[in-house]
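Take a look at the structure set out below.
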Amino acid sequence: MLWSDYLARFHRERAGITELVLSRCVDRDGATPYDWLAELAGPTAQPAGPPAAGEPGDATPVLDLACGSAPLWPRLAGRTYLAGRSYLGVDRSAAELSLAAGRGAAPLVRADAAALPVADRTIRLVVCAMALMITQPLPRVLAEIGRVLRADGRLVAIVPASRPLTVRDVAVVAGLAASAGRLSYPNDAALADPAGQFRAAGLRLVGDQARRFAYPLTTPADADALLASLYLPGVRPRRVRAARGYLRALARVHATVPVPIRRLDARADRPPA
Numbered sequence: 000m001l002w003s004d005y006l007a008r009f010h011r012e013r014a015g016i017t018e019l020v021l022s023r024c025v026d027r028d029g030a031t032p033y034d035w036l037a038e039l040a041g042p043t044a045q046p047a048g049p050p051a052a053g054e055p056g057d058a059t060p061v062l063d064l065a066c067g068s069a070p071l072w073p074r075l076a077g078r079t080y081l082a083g084r085s086y087l088g089v090d091r092s093a094a095e096l097s098l099a100a101g102r103g104a105a106p107l108v109r110a111d112a113a114a115l116p117v118a119d120r121t122i123r124l125v126v127c128a129m130a131l132m133i134t135q136p137l138p139r140v141l142a143e144i145g146r147v148l149r150a151d152g153r154l155v156a157i158v159p160a161s162r163p164l165t166v167r168d169v170a171v172v173a174g175l176a177a178s179a180g181r182l183s184y185p186n187d188a189a190l191a192d193p194a195g196q197f198r199a200a201g202l203r204l205v206g207d208q209a210r211r212f213a214y215p216l217t218t219p220a221d222a223d224a225l226l227a228s229l230y231l232p233g234v235r236p237r238r239v240r241a242a243r244g245y246l247r248a249l250a251r252v253h254a255t256v257p258v259p260i261r262r263l264d265a266r267a268d269r270p271p272a
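By numbering that gives the first Met the number 0, the letter at position 74 of the sequence shown is numbered 73, and the numbering carries on one by one without gaps.
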């Protein structure tokens, strides 16, 4: 099965699962991966909030690329980057966009990340949570981001990482890999050293950090949700069952599963028009 077909079916049948799991993953300070991404969207807005209608303000939209169920929308709403500006969520999945609409995120557009329905140089900030590792073709997706960003524009994205891990984490990850196989994504090789890919798209990578988050397992339902959130194309049912048994065993002892996340920060790298 092609990745594109797998992803379409995955998000049709499991809409919202990524947000469900990542919203329970926390770092040592209790922040989620979504919170960590939103940090780079500017400081928390002042109580006065966004400008009222008719007041001056930059109406440049914030583009939430591959927005899914829009977990970033409420976090961006309280940030100065969104104050006075509009939000635009784009995703290929109608099921995910339905969830996003249900929480009030708007406007939302069903479109491909490789063909954005956005005019050139009209976006100041693009955010992208857990999608750059699977959006294809990556060079075209990055080129589209570079096209829509203003000269002072910025891209902030999070993707899965392989570290940092504690000594105990290594054993947990090894057990999961032994049952379900090693997790991999179509763009792993390209994102191993993304600076060149970004540069070709008119983007300059200015930040590349990784942080450990942890998903708590306390019930069989926690284990099942984590397993359901994993992209496992081509994994045989017997291995999926083995992975479920392994995660449920971890839940019986209230273990945590490490979820390392990488945050990429890039700026538009071209002169103003």
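Ideal placement from N, C-alpha and C gives every residue a C-beta, glycine not left out.
None of the values given here were measured: they were computed from a predicted structure.
Check                                                                                                                                                                                           : Outcome
Just list the alpha helix (DSSP H) runs in the segment 112–158, keeping only unbroken ones of 4 residues or longer that don't cross its boundaries, in chain order.                             : 137–147
For the beta strand (DSSP E) containing Gly-233, name the first residue and the last one.                                                                                                       : That residue, Gly-233, is in no beta strand (DSSP E); it is neither H nor E in DSSP.
In whole angstroms, give me the CA-to-CA distance for Pro-159 and Val-258.                                                                                                                      : 8 Å
For His-253, count the other beta carbons within 10 Å of its own beta carbon; 16 or more makes it buried, fewer makes it exposed. Which is it?                                                  : exposed
Are Asp-268 and Gly-206 close, meaning C-beta to C-beta below 9 Å?                                                                                                                              : no
Since Val-25 sits in a beta bridge, which residues does DSSP pair it with?                                                                                                                      : Ala-213
Please list the terminal residues of the continuous beta strand (DSSP E) segment that includes Gly-174.                                                                                         : Taken as a continuous stretch (DSSP letters only), Gly-174 belongs to no beta strand (DSSP E), being part of the alpha helix (DSSP H) at 166–179.
Applying the 10 Å Cβ sphere with the 16-neighbour rule, what's the burial state of Ser-183?                                                                                                     : exposed
Opposite Asp-90 in the DSSP bridges: which residues?                                                                                                                                            : Arg-109
Rounded to whole angstroms, what's the CA-CA distance from Ala-47 to Ser-92? Just pull it up for me.                                                                                            : With a pLDDT of 39 at Ala-47, under the threshold of 50, the modelled position of this residue cannot be trusted, and the question is left open.
Which residue wins for smallest C-alpha separation from Ser-228, given the options Val-25, Tyr-5, Asp-4, Leu-19?                                                                                : Leu-19
Using beta-carbon positions only, say whether Arg-238 and Gly-180 come within less than 9 Å of one another.                                                                                     : yes
Let's test the definition: count the other Cβ atoms within 10 Å of the Cβ of Pro-193 and tell me whether it reaches 16, buried, or not, exposed.                                                : buried
In this structure, how does DSSP classify Thr-17 when only helix, strand and coil are distinguished?                                                                                            : helix
Near Arg-251, what residues of its chain come up, given a Cβ to Cβ distance below 8 Å and the 5 sequence neighbours on each side ignored?                                                       : none
Using only alpha-carbon positions, find the residue among Asp-90, Val-169, Leu-148, Arg-139 that is nearest to Gln-196.                                                                         : Arg-139
Starting from the C-beta of Tyr-230, find all residues in its chain whose C-beta is less than 6 Å away, skip the five residues before and the five after it, and write them out in chain order. : none
Can you tell me which of the three DSSP states Leu-98 falls into?                                                                                                                               : helix
Going by DSSP, which residues form a beta bridge with Asp-207?                                                                                                                                  : Leu-263
Assuming Arg-153 and Leu-124 make a contact with CB atoms under 8 Å, what is their CB distance in whole Å?                                                                                      : 5 Å
Using CA atoms only, rank isn't needed, just tell me which of Arg-266, Arg-211, Tyr-33, Val-25 is closest to Asp-151.                                                                           : Arg-266
Helix, strand or coil: how does DSSP classify Pro-32 here?                                                                                                                                      : helix
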